[in-house]
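Novice: In this note's numbering, the protein residues as written are 2 to 119.
1. Measuring CB to CB, does residue 49 end up less than 8 angstroms from residue 59?
2. Give me whichever residues DSSP pairs with residue 15 in a beta bridge.
3. With a 10 Å radius around its C-beta and 16 neighbouring C-beta atoms as the bar for buried, classify residue 35 as buried or exposed.
4. Put residue 72 into one of helix, strand or coil per three-state DSSP.
5. May I have the straight-line CA-CA distance separating residue 78 from residue 88, to the nearest angstrom?
6. Where does residue 59 sit, in a helix, a strand or coil, going by DSSP?
7. Secondary structure at residue 38, three-state DSSP: helix, strand or coil?
8. Using three-state DSSP, classify residue 118 as helix, strand or coil.
9. Bridge partners of residue 54, per DSSP?
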């Protein structure tokens, strides 16, 4: 299943972003790949210790963010520089990560349920 989102932005100006989403035992799992974050962690190995953790998802080890307080300081681009054929901006995964950052922090702090109901 794919989640279609405008990241809280105007649908007339932006094309939606599609996020790969899976339902697993009542939990919604979203896979968001932000290439700029991968480059950041390759360049700053000490940041890996502070912000990354290894999790097992569906039997596969994956790297996941464990803190989100640094995201705004990286100045990640929300859109691609090239416009779509209908003259709307194309959203990048970084826009979605910024959009849901507050919700993710609630999950980490245990203030929000992980269960997803359709």
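Using N, Cα and C, we set each Cβ at its ideal position, and we do this for glycine too.
Specialist: So, from the listed chains and residues:
1. Not in contact: residue 49 and residue 59 (Cβ atoms no closer than 8 angstroms).
2. DSSP output for residue 15 lists 90 as bridge partner(s).
3. By the C-beta density criterion, residue 35 is buried, having at least 16 other C-beta atoms within 10 angstroms.
4. In the three-state scheme derived from DSSP, where H, G and I count as helix and E and B as strand, residue 72 is classed as helix.
5. Between residue 78 and residue 88, the alpha-carbon positions lie close to 18 angstroms from each other.
6. In the three-state DSSP reduction, residue 59 falls in the coil class, being neither helix nor strand.
7. Correct three-state label for residue 38: helix.
8. With a pLDDT of 41 at residue 118, under the threshold of 50, the modelled position of this residue cannot be trusted; read the value that follows with caution. Judged by DSSP in its simplified three-state form, residue 118 adopts coil rather than helix or strand.
9. Residue 54 is bridged by DSSP to 65.
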